[in-house]
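Using the numbering used here, the first residue of the sequence shown is number -9, and each one after it goes up by one. The beta carbon of each residue, even a glycine, is placed where N, CA and C say it ideally should be. Small disclaimer: the values here were computed from a predicted structure and weren't measured. One structure is given below, encoded as structure tokens.
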Amino acid sequence: MRSLKYLLLLFVFVLLPAVTGRAQDAHLNFDKLNGLETHARDVVEVNIDGKLLDLAKRVTAKLDDPNAKKAAQAISGLKGIYVRAYRFENANEYSMADVDAIRSQLNAPGWEKLANVRSKKNDQKVDVYTMFSGDVMSGVAVVISDSKGVALVNMIGPIDIELLASLSGKLSIPEMDIENDKDAPKPKE
């Protein structure tokens, strides 16, 4: 009985934090996609983190443009930006199971689906997920796939969405129709 008690304590104090810490990590594992490179016509792999990301944030903050300074402030907490894109010559040259392996990571605790778009006309699927730590967005993931390609974006770290929305239509940030009326009545819960 005593050894069972120690085993339970070991799990609670050692293993549980490791498991829950991993569940709250916004970094996606792209290893399942490595096999796509050999068959893809075009491959894009972008890894911006560490010193390179710090340099980009510092340069953006020093630009003589108030919008660039706002953008730098919005992404100041980012820890990494990772992009993978694979384009194939012919339709169905890759296994959707590879993409579904990424989508399954996004069904883990902590991730919330923000948008889900399916187009039969273009045979395209778009999924947007967010992860929050308290009230702060700590990660974003976008998965786009069609019969001839797949693209994934994974941003890790705090992101000030309201500040980014204020830059809508500027600095090559797409126009976003987001209303943020703080005086509007809130729905009753």
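Residue span of the alpha helix (DSSP H) that contains residue 93, given as start and end: 86 to 95
Within 10 angstroms of its Cβ, does residue 120 collect 16 or more other Cβ (buried), or is it exposed? buried
Go ahead and label residue 140 buried or exposed: buried means 16 or more other beta carbons lie within 10 angstroms of its beta carbon, across all protein chains shown. buried
Is DSSP giving residue -3 helix, strand or coil here? Below a pLDDT of 50, predicted positions are generally treated as unreliable, and residue -3, at 34, falls in that range; the measurement from the model is reported next regardless. In this structure, residue -3 counts as helix in the three-state DSSP scheme.
Hey, how far is the Cα of residue 132 from the Cα of residue 62? The straight-line gap from Cα to Cα measures roughly 21 Å.
Could you tell me whether the Cβ atoms of residue 36 and residue 73 are closer together than 7 Å? A Cβ-Cβ contact shorter than 7 Å links residue 36 with residue 73.
Roughly how many whole angstroms lie between the Cα atoms of residue 148 and residue 69? When rounded, the distance between both Cα atoms is 8 Å.
Using DSSP with H/G/I as helix, E/B as strand and the rest coil, what is residue 144? strand
Helix, strand or coil at residue 151 [DSSP, three-state]: The three-state reading of DSSP puts residue 151 in helix, counting H, G and I together.
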